[in-house]
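K.L.:
Chains as they are written, first to last, in my numbering: chain E, 293 to 539; chain R, 1366 to 1522.
#1: Below 8 Å between beta carbons is the criterion; list the residues of the segment 414-447 of chain E that meet it against any residue of chain R, in chain order.
#2: Tell me, to the nearest whole angstrom, how far the beta carbon of residue 1480/R is from that of residue 1399/R; I am working on the premise that it is less than 8 Å.
#3: List, in chain order, every chain E residue whose beta-carbon is nearer than 8 Å to that of residue 1444/R.
#4: Flag this pair as yes or no: are the beta carbons of residue 369/E and residue 356/E separated by less than 8 Å?
#5: According to DSSP, is residue 248/E helix, strand or coil?
#6: Which of helix, strand or coil does DSSP assign to residue 1392/R?
#7: I'd like the list of long-range same chain contacts for residue 1422/R, defined as Cβ closer than 6 Å, with 5 residues on each side in sequence excluded.
#8: Residue 471/E versus chain R: which residues are under 9 Å apart at the beta carbon?
#9: Taking only beta carbons into account, state which residues of the segment 513-524 of chain E come closer than 8 Å to chain R, listed in chain order.
#10: Measuring alpha carbon to alpha carbon, tell me which residue in 1515/R, 1497/R, 1395/R, 1424/R is nearest residue 1464/R.
#11: Going along chain R, which residues have a C-beta under 8 Å from residue 528/E?
#12: Report the option in 1368/R, 1430/R, 1420/R whose CA atom is closest to the CA atom of residue 1477/R.
#13: Are the C-beta of residue 393/E and some C-beta of chain R separated by less than 8 Å?
#14: Applying the criterion that 16 or more other CB atoms from any shown protein chain within 10 Å of the CB defines a buried residue, is residue 479/E buried or exposed?
#15: Are any of the Cβ atoms in chain E nearer than 8 Å to that of residue 1400/R?
#16: Report, in whole angstroms, the separation of the C-beta atoms of residue 1482/R and residue 1466/R, which I expect to be a contact under 8 Å.
#17: My output table needs one value for residue 305/E: the three-state DSSP class, helix, strand or coil.
#18: Grab the span of the beta strand (DSSP E) containing residue 1472/R for me, first residue to last.
#19: Tell me which same chain residues have a C-beta within less than 8 Å of the C-beta of residue 401/E, skipping the five on either side of it?
#20: Is residue 334/E helix, strand or coil when you go by DSSP?
#21: Please list the terminal residues of the continuous beta strand (DSSP E) segment that includes residue 379/E.
#22: Please compile the residues from chain R whose C-beta is within a distance smaller than 7 Å of the C-beta of residue 348/E.
#23: Here's a check: name, in chain order, each residue in its chain whose Cβ is nearer than 7 Å to the Cβ of residue 1491/R, leaving out the five neighbours to either side.
#24: May I ask you to list, following chain order, the residues of the segment 1382-1397 of chain R that have a beta carbon less than 9 Å from some beta carbon of chain E?
#25: Between residue 378/E and the rest of its own chain, which residues show a CB-CB distance below 7 Å, the 5 nearest in sequence each way excluded?
#26: Taking residue 457/E as part of the alpha helix (DSSP H), name the residues at either end of that continuous run.
#27: What does residue 328/E pair with, by DSSP beta-bridge criteria?
#28: Within a Cβ cutoff of 6 Å, which residues of the same chain sit near residue 482/E, ignoring the five residues on either side of it in sequence?
#29: Would you call residue 422/E buried or exposed, if buried means 16 or more other Cβ atoms sit within 10 Å of its Cβ?
#30: Roughly how many angstroms separate the alpha carbons of residue 526/E and residue 386/E, rounded to a whole number?
#31: Residue 345/E to residue 311/E, Cα distance in whole Å?
#32: Using 8 Å for Cβ pairs, my map puts residue 1381/R next to residue 536/E. What's the rounded Cβ distance?
#33: Exposed or buried, which one is residue 1504/R when buried takes at least 16 other CB atoms within 10 Å?
#34: Is residue 461/E helix, strand or coil when you go by DSSP?
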């Protein structure tokens, strides 16, 4: 029975192809069979994790908290590529600052829990919260952009990288109000209980990845410079931070 | 903790003697200069179990007006503004020492005597069942919440 590897469902199809290649690299490095599984939603992925069907995961910080503290996963490495959130409105919207958004506004977002949490934090200066806004969950960031452009939503939350990746035509129809600049919250690669004894070995191989031409190309295609080892305390700190933000 | 240095405080200021939670006193100099909260940023710090700062991020450094080496090792009360009632900090410490999260609106004092408002959350860092320190994260509060806090704290002082 092969081990299962998955990535946070916030990646689009183009990026999934690169993660598929990463899975092949992972299998060679650890000399084990690993199946790359993708999930259509965060809920579906959580369900699979609860059923013990995930052994290796590139997780967003919000899920990392649940995986480490409740499911016995350990952090191996992080690309230290921080996850930031951009809040945008339609380009022709009269709103030009967070503070000018009003209660009752419609928020387009994906079901990504990190971006949803940070987006709502960025709306707090306008006294907006889940009780006085309407959430419209979209399947992807391009759908979030569409909801804004078609005036089906007043404000949208984007993973900043996804916002930057939108075409110029789409971006010209949007107006970013604010982007988070947290710097210390990032995705991490985690190993589940059946693979805990391979942690150090994988950490060494991930660290060496940027020194090999093939590894370097793969890192480039994933948008990373390199992998940095994450120790237990670093991970716990990030989880404490997420915990504090979720308060 | 050292008293504030008048040479760090430009313009007119008022001198106030603070009575800190640990029983010590500190002479502070305050001005009416507000520094706006930086957009999109979080101010993050960690302390040891006694409340001495062990880590802080760049936003903490920028907003406090101190250099990082002037911050590390200092009690968190370095940022204590005299307009904050002692009861708010008593509640904070009692809550986090019980292992619970605390959150509230806080007026912080800068090195230059000015101030900035934050919405702060403090959580205990629990490792193997023991509290090994505290993490504090501050974010931008709404103007209405600041006004509510000003009125609440004025009635508590």
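Where is the CB? At the ideal position from N, CA and C, for every residue including glycine.
P.N.:
If we stick to the structure as given:
#1: 414, 416, 417, 418, 419
#2: 6 Å
#3: Those within 8 Å of residue 1444/R in chain E number zero; the least Cβ separation is about 17 Å.
#4: no
#5: Nothing about residue 248/E can be read from this structure; chain E reaches only from 293 to 539.
#6: strand
#7: 1409
#8: 1404, 1405
#9: none
#10: 1497/R
#11: 1490, 1492
#12: 1430/R
#13: no
#14: buried
#15: no
#16: The pair is not a contact, with the Cβ atoms about 20 Å apart (cut-off 8 Å).
#17: helix
#18: 1467-1474
#19: 407, 408, 411, 427, 428, 429, 430, 436, 448, 449
#20: helix
#21: 377-382
#22: What residue 348/E touches in chain R: nothing, since even the nearest Cβ is about 25 Å away.
#23: 1464
#24: none
#25: 450, 452, 455, 468, 471
#26: 452-457
#27: 297/E
#28: 349, 351, 359, 365, 367
#29: exposed
#30: 42 Å
#31: 18 Å
#32: Residue 1381/R to residue 536/E, Cβ: 30 Å. No contact.
#33: buried
#34: helix
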